[in-house]
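First the structure, in the form of structure tokens, and then the observations on it.
There are 2 protein chains.
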Amino acid sequence: MASDPLPSWQETGPRAALLDFVARVSDPDHADFVPAPERIAVFDNDGTLWSERPTYFQLLYARDRLNQKAGEDPALLENEVMRAVAEGDWDGAFSGGYEGLIGVVTVSHSGMTVEDFQTDVRDWLAGARHPETGRRYTDMVFAPMLELMALLRDAGFTVWIVTGGGVHFVRAFAAETYGIPPERVVGSTGPIEYRTEPGPPRIFKLPGLEFMDDGPGKPVGIDRQIGRVPIFAAGNSDGDYAMLEYVTSAPGPRFGLLVHHTDAEREFAYDRDVALGALERGLIDAEGRGWCVLDMARDWSAVWPER
Amino acid sequence: MASDPLPSWQETGPRAALLDFVARVSDPDHADFVPAPERIAVFDNDGTLWSERPTYFQLLYARDRLNQKAGEDPALLENEVMRAVAEGDWDGAFSGGYEGLIGVVTVSHSGMTVEDFQTDVRDWLAGARHPETGRRYTDMVFAPMLELMALLRDAGFTVWIVTGGGVHFVRAFAAETYGIPPERVVGSTGPIEYRTEPGPPRIFKLPGLEFMDDGPGKPVGIDRQIGRVPIFAAGNSDGDYAMLEYVTSAPGPRFGLLVHHTDAEREFAYDRDVALGALERGLIDAEGRGWCVLDMARDWSAVWPER
Chain A
32 MASDPLPSWQ ETGPRAALLD FVARVSDPDH ADFVPAPERI AVFDNDGTLW SERPTYFQLL
92 YARDRLNQKA GEDPALLENE VMRAVAEGDW DGAFSGGYEG LIGVVTVSHS GMTVEDFQTD
152 VRDWLAGARH PETGRRYTDM VFAPMLELMA LLRDAGFTVW IVTGGGVHFV RAFAAETYGI
212 PPERVVGSTG PIEYRTEPGP PRIFKLPGLE FMDDGPGKPV GIDRQIGRVP IFAAGNSDGD
272 YAMLEYVTSA PGPRFGLLVH HTDAEREFAY DRDVALGALE RGLIDAEGRG WCVLDMARDW
332 SAVWPER
Chain B
32 MASDPLPSWQ ETGPRAALLD FVARVSDPDH ADFVPAPERI AVFDNDGTLW SERPTYFQLL
92 YARDRLNQKA GEDPALLENE VMRAVAEGDW DGAFSGGYEG LIGVVTVSHS GMTVEDFQTD
152 VRDWLAGARH PETGRRYTDM VFAPMLELMA LLRDAGFTVW IVTGGGVHFV RAFAAETYGI
212 PPERVVGSTG PIEYRTEPGP PRIFKLPGLE FMDDGPGKPV GIDRQIGRVP IFAAGNSDGD
272 YAMLEYVTSA PGPRFGLLVH HTDAEREFAY DRDVALGALE RGLIDAEGRG WCVLDMARDW
332 SAVWPER
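Sequence lines, in order, name chains A and B. Using this note's numbering, the letters of the first sequence map in sequence onto residues 32 to 338. Using this note's numbering, the letters of the second sequence map in sequence onto residues 32 to 338.
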């Protein structure tokens with residue numbers, strides 16, 4: 032007998048529903064069989080594949096880089112949102128919505144080549160520690176989700192990330208952390224430019240935000256980069272609602288999974304009342320839409336990988 | 032002994048260079064070995080994978096749809112460029128550059144879902160015939176290039192299209208014609224929108240041009256969708272110059288291939304003196320850059336597939 036592919040999942044509803052779905056769509060003799068090229072699964076990243084408290088980890092990276100640069104150029108902190116980020120005041124940081132954060136992202140995410148940016152992200156990930164857990168951020172990925180992605184791949188699925196995070200940021204660690212290659216990361220993007228001077232030719236990151244891969248942007252990002260409708264989608268916030276809706280309302284067998292952060296003891300407990308990444312509409316509509324709501328405290332026997 | 036993987040290639044330089052490159056990068060014992068995930072090959076489409084005379088085939092589609100709609104709404108042809116396209120005056124059609132063609136593309140390429148658009152493209156491809164050869168357009172793909180793509184795939188490469196053509200247009204036939212799935216087509220894009228009303232949820236094509244995947248846009252498109260530098264690039268015009276430059280100036284083993292249309296008898300002969308798809312700078316710089324220039328008349332024993 033093969034070993035359990037989902038050892039960090041309790042013997043509760045989501046585990047059974049996932050195993051059943053994967054078995055059905057990959058069995059050529061089953062009525063729900065889906066040819067392998069169409070077995071496409073998309074996962075949100077923040078709050079779905081790794082934690083996102085006290086704020087998106089990418090923003091913690093931006094804060095660290097902002098503080099470094101403000102050491103040389105204190106004028107950077109004259110702006111209110113910049114100051115809020117520098118001080119880790121996350122409510123203040125989001126007071127102007129995503130738009131207000133463009134200045135912050137510009138400081139840390141533009142003015143260099145993609146290569147140099149990603150090297151810097153990897154350096155940061157190697158050294159930085161989460162303020163509450165003391166873990167490396169890449170040690171705050173969800174072990175049960177790593178198992179689920181492996182289960183899907185073993186069943187012939189192609190696994191993608193569709194994230195509100197920056198595409199270059201997530202690509203910097205997705206291969207090593209999740210086994211997801213750069214070309215299977217769909218994310219938010221800033222303008223980029225091809226430059227041949229000074230050589231060698233490189234892609235250069237420019238200031239600004241060009242595309243926000245969140246909310247109705249997620250189906251748009253999926254069409255742009257994947258070009259067909261996935262059959263499986265996992266998310267954890269109302270920013271993933273449109274993605275789950277798009278995926279599960281197409282004909283044929285479909286699976287929508289919502290991660291509900293209910294575990295104040297082992298991770299964090301939150302849903303409606305957070306400034307970012309709130310989950311409200313999804314919880315209300317999940318039953319009617321046939322989405323599986325995963326209760327982290329109840330359904331997972333482990334959250335982060337053992338250290 | 033295995034059968035010849037390149038039966039439509041003459042025993043000339045390009046064939047030997049291609050076989051040698053593929054052997055080197057896929058041999059774990061060779062100094063030039065490249066791990067499989069990085070064995071990424073990108074091909075331009077128009078003029079590289081299929082013919083492009085008297086103009087891009089996508090524009091012949093646009094003309095047919097424009098003429099249909101002008102039957103109901105003659106005011107559509109009051110614009111000069113629209114009239115040029117409707118009459119097949121391709122020099123006139125390009126008098127305003129790509130920008131001038133936005134109106135034409137808007138008529139035929141927006142105002143419907145991606146699904147409906149692609150169904151229409153497939154219907155057109157099934158029925159339309161090339162004005163000079165009488166062939167279906169999909170029977171004007173280059174047999175030697177189909178063989179080359181198969182050779183690369185068999186050697187563990189992932190094969191992509193990076194085209195100035197519209198991404199939805201090319202995706203409509205790339206899987207059946209080239210064996211390239213939708214997610215491996217990078218192309219020009221117009222704005223799109225996620226719409227839930229009237230249901231079911233769909234991606235809707237809006238008017239305009241958002242991103243032109245040509246010239247320096249090709250490295251940009253590659254970064255956006257692939258996220259790393261391919262090791263093999265094939266093109267046929269100066270619109271592919273930046274792509275070949277980007278690919279072949281990165282360190283490690285690289286291959287740049289330029290298709291030179293020299294065969295007036297079996298296909299078409301042109302390079303510098305055409306309004307679109309001209310090849311001039313590429314021919315001048317190829318030797319210095321180490322790019323392989325393929326002479327269609329000399330290097331291919333067959334051009335289009337036998338009917």
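In this text, a Cβ means the ideal position worked out from N, Cα and C, and glycines have one as well. This structure is a prediction, so every number in the text was calculated from the model and none was measured.
Between the Cα of residue 84 (chain A) and those of A:39, A:333, A:297 and A:316, spot the shortest distance and give me the residue it belongs to. Residue mapping note: residue 84 (chain A) aligns to position 53 of the first sequence, counting from 1. Looking at the Cα atoms, A:297 is the closest of the given residues.
Can you name the residues of chain A whose CB is closer than 8 angstroms to the CB of residue 78 (chain B)? Here residue 78 (chain B) corresponds to residue number 47 of the second sequence, with the count starting at 1. Near residue 78 (chain B) there are no residues of chain A at all, since even the closest Cβ is about 21 angstroms away, more than 8 angstroms.
Measuring alpha carbon to alpha carbon, tell me which residue in A:120, A:178 and A:321 is nearest residue 272 (chain A). Walking along the first sequence from the start, residue 272 (chain A) turns up at place 241. Sorting A:120, A:178 and A:321 by C-alpha distance to the C-alpha of residue 272 (chain A) places A:321 at the top.
Less than 8 angstroms between C-beta atoms, sequence neighbours within five positions excluded: which residues of the same chain meet that for residue 147 (chain A)? Residue mapping note: residue 147 (chain A) aligns to position 116 of the first sequence, counting from 1. So the list is empty, once near-sequence residues are dropped.
For chain B, is any of its Cβ atoms less than 9 angstroms away from the one on residue 311 (chain A)? To locate residue 311 (chain A), count along the first sequence from 1; it is residue 280. Judged by the 9 angstroms Cβ criterion, residue 311 (chain A) is not in contact with chain B.
Within 9 angstroms of any Cβ in chain B, is that where the Cβ of residue 223 (chain A) sits? Position 192 of the first sequence, counting from 1, holds the residue named residue 223 (chain A). Yes, because at least one Cβ of chain B sits closer than 9 angstroms to the Cβ of residue 223 (chain A).
Span of the alpha helix (DSSP H) around residue 200 (chain A): For the purposes of this step, residue 200 (chain A) is taken as residue 169 along the first sequence, with counting starting at 1. Where residue 200 (chain A) is concerned, the enclosing alpha helix (DSSP H) stretches over 198-209.
Quick one, which residues of the segment 252-282 of chain A are near chain B if we go by CB-CB under 8 angstroms, in chain order? 254, 255, 256, 257, 258, 259, 273, 276, 277, 280 and 281
Given residue 292 (chain A) as reference, the closest of A:80, A:47 and A:44 once Cα atoms are compared: If you number the first sequence from 1, residue 292 (chain A) lands on position 261. Of all alpha-carbon atoms in A:80, A:47 and A:44, the one lying nearest the alpha-carbon of residue 292 (chain A) is that of A:80.
Would you kindly check if the distance between the Cβ of residue 171 (chain A) and the Cβ of residue 39 (chain A) is under 9 angstroms? What you label residue 39 (chain A) is simply residue 8 of the first sequence in a count that begins at 1. What you label residue 171 (chain A) is simply residue 140 of the first sequence in a count that begins at 1. No, these two residues do not count as a Cβ contact at 9 angstroms.
For residue 139 (chain A), report the span of its alpha helix (DSSP H) as first-last. Position 108 of the first sequence, counting from 1, holds the residue named residue 139 (chain A). Residues 133-140.
For residue 263 (chain A), tell me which candidate among A:116, A:86, A:123 and A:184 has the shortest Cα-Cα distance. The residue given as residue 263 (chain A) occupies position 232 in the first sequence. Nearest of A:116, A:86, A:123 and A:184 to residue 263 (chain A), Cα basis: A:184.
Opposing strand residues paired with residue 144 (chain B) [DSSP bridges]: Residue 144 (chain B) sits at position 113 when you count from the first residue of the second sequence. Its beta-bridge partners are B:235.
Taking 8 angstroms as the cut-off, does the segment 219-237 of chain A touch the segment 90-99 of chain A (at least 3 CB pairs, one atom from each stretch)? no
Same chain only: Cβ atoms within 7 angstroms of residue 208 (chain A), ignoring 5 sequence neighbours per side: In the first sequence, the residue the question calls residue 208 (chain A) occupies position 177. Around residue 208 (chain A): 169 and 172.
Using a Cβ-Cβ cut-off of 7 angstroms (strictly less than) and excluding sequence neighbours within five positions of residue 63 (chain B), which residues of its own chain qualify? Along the second sequence, read from residue 1 onward, the residue named residue 63 (chain B) stands at position 32. Answer for residue 63 (chain B): 55, 56 and 284, listed in chain order.
Taking only three categories from DSSP, how would you classify residue 2 (chain A)? Summary: the structure shown does not reach residue 2 (chain A), with chain A confined to residues 32 through 338, and so no result is reported for it.
For the candidate residues B:324, B:294, B:303 and B:317, whose alpha-carbon lies nearest to that of residue 333 (chain B)? Mapped onto the second sequence, residue 333 (chain B) falls at position 302. With distances taken between Cα atoms, residue 333 (chain B) lies closest to B:294.
Would residue 302 (chain A) and residue 41 (chain A) be called neighbours here (beta carbons separated by less than 9 angstroms)? For the purposes of this step, residue 302 (chain A) is taken as the residue at position 271 of the first sequence. For the purposes of this step, residue 41 (chain A) is taken as the residue at position 10 of the first sequence. Result no, Cβ atoms of residue 302 (chain A) and residue 41 (chain A) do not sit closer than 9 angstroms.
Runs of alpha helix (DSSP H) lying entirely within the segment 60-146 of chain A, each at least 4 residues, in chain order: 88-103, 111-118, 121-124, 128-131 and 133-140
Could you name the residues of chain A that residue 202 (chain B) contacts, counting a contact when the two beta carbons are closer than 7 angstroms? Walking along the second sequence from the start, residue 202 (chain B) turns up at place 171. 258, listed in chain order.
Could you check where the alpha helix (DSSP H) with residue 310 (chain B) kicks off and where it finishes? Your numbering for residue 310 (chain B) matches position 279 in the second sequence. From DSSP, residue 310 (chain B) is part of no alpha helix (DSSP H); its letter is neither H nor E.
So residue 325 (chain B) is in the alpha helix (DSSP H); what residue range does that whole segment cover? As a first step, residue 325 (chain B) is located in the second sequence; it is residue number 294 there, counting from the start. Counting along the chain, residue 325 (chain B) falls outside any alpha helix (DSSP H), though it belongs to the beta strand (DSSP E) covering 323-326.
For a contact defined as C-beta to C-beta under 8 angstroms, what are the partners of residue 247 (chain B) on chain A? Against the second sequence, residue 247 (chain B) aligns to sequence position 216. Taking a Cβ-Cβ threshold of 8 angstroms, the residues of chain A close to residue 247 (chain B) are 224 and 225, in chain order.
Note down, in chain order, every chain A residue with its Cβ under 9 angstroms from the Cβ of residue 133 (chain B). Numbered from its first residue, the second sequence carries residue 133 (chain B) at position 102. Ordered by position in chain A, no residue passes the 9 angstroms Cβ test against residue 133 (chain B), which lies about 19 angstroms from the chain.
Please tell me whether residue 111 (chain B) has its Cβ less than 9 angstroms away from any Cβ of chain A. As a working mapping, residue 111 (chain B) is identified with position 80 in the second sequence. Chain A, which has no Cβ nearer than 9 angstroms to the Cβ of residue 111 (chain B), makes this no.
Do the segment 186-204 of chain A and the segment 59-75 of chain A meet, that is, are 3 or more Cβ pairs less than 8 angstroms apart? Yes, the segment 186-204 of chain A is in contact with the segment 59-75 of chain A.
Spatial distance of residue 213 (chain B) from residue 205 (chain B) (CA atoms): To locate residue 213 (chain B), count along the second sequence from 1; it is residue 182. To locate residue 205 (chain B), count along the second sequence from 1; it is residue 174. The alpha-carbon atoms of residue 213 (chain B) and residue 205 (chain B) are separated by roughly 7 angstroms.
Check whether the segment 224-242 of chain B touches the segment 139-158 of chain B, counting contact only when three or more Cβ pairs, one atom from each stretch, lie closer than 8 angstroms. yes
Please list, in chain order, the chain B residues whose beta carbon lies closer than 7 angstroms to that of residue 207 (chain A). For the purposes of this step, residue 207 (chain A) is identified with residue 176 of the first sequence, where counting begins at 1. In chain order: nothing, as chain B lies at least about 12 angstroms away.
Can you grab the Cα-Cα spacing for the pair residue 138 (chain B) / residue 105 (chain A), in whole Å? Your numbering for residue 138 (chain B) matches position 107 in the second sequence. Your numbering for residue 105 (chain A) matches position 74 in the first sequence. Their Cα atoms are separated by approximately 52 angstroms.
If distances are taken between C-alpha atoms only, which option among A:60, A:175, A:180 and A:152 comes closest to residue 167 (chain A)? Translated into positions along the first sequence, residue 167 (chain A) becomes position 136. Checking every option, the nearest Cα to that of residue 167 (chain A) belongs to A:152.
Can you tell which of A:52, A:203 and A:51 has the C-alpha that lies nearest to the C-alpha of residue 150 (chain A)? By 1-based counting over the first sequence, the position of residue 150 (chain A) is 119. Of A:52, A:203 and A:51, the residue nearest in Cα terms is A:203.
Does any CB atom of chain A fall closer than 9 angstroms to the CB of residue 83 (chain B)? On the second sequence, residue 83 (chain B) is found 52 positions in, with the first residue counted as 1. Chain A, which has no Cβ nearer than 9 angstroms to the Cβ of residue 83 (chain B), makes this no.
CB contact check: residue 152 (chain A) to chain B, cutoff 9 angstroms: Translated into the one-based positions of the first sequence, residue 152 (chain A) becomes position 121. Taking Cβ atoms only, chain B never reaches closer than 9 angstroms to residue 152 (chain A), which makes this a no.
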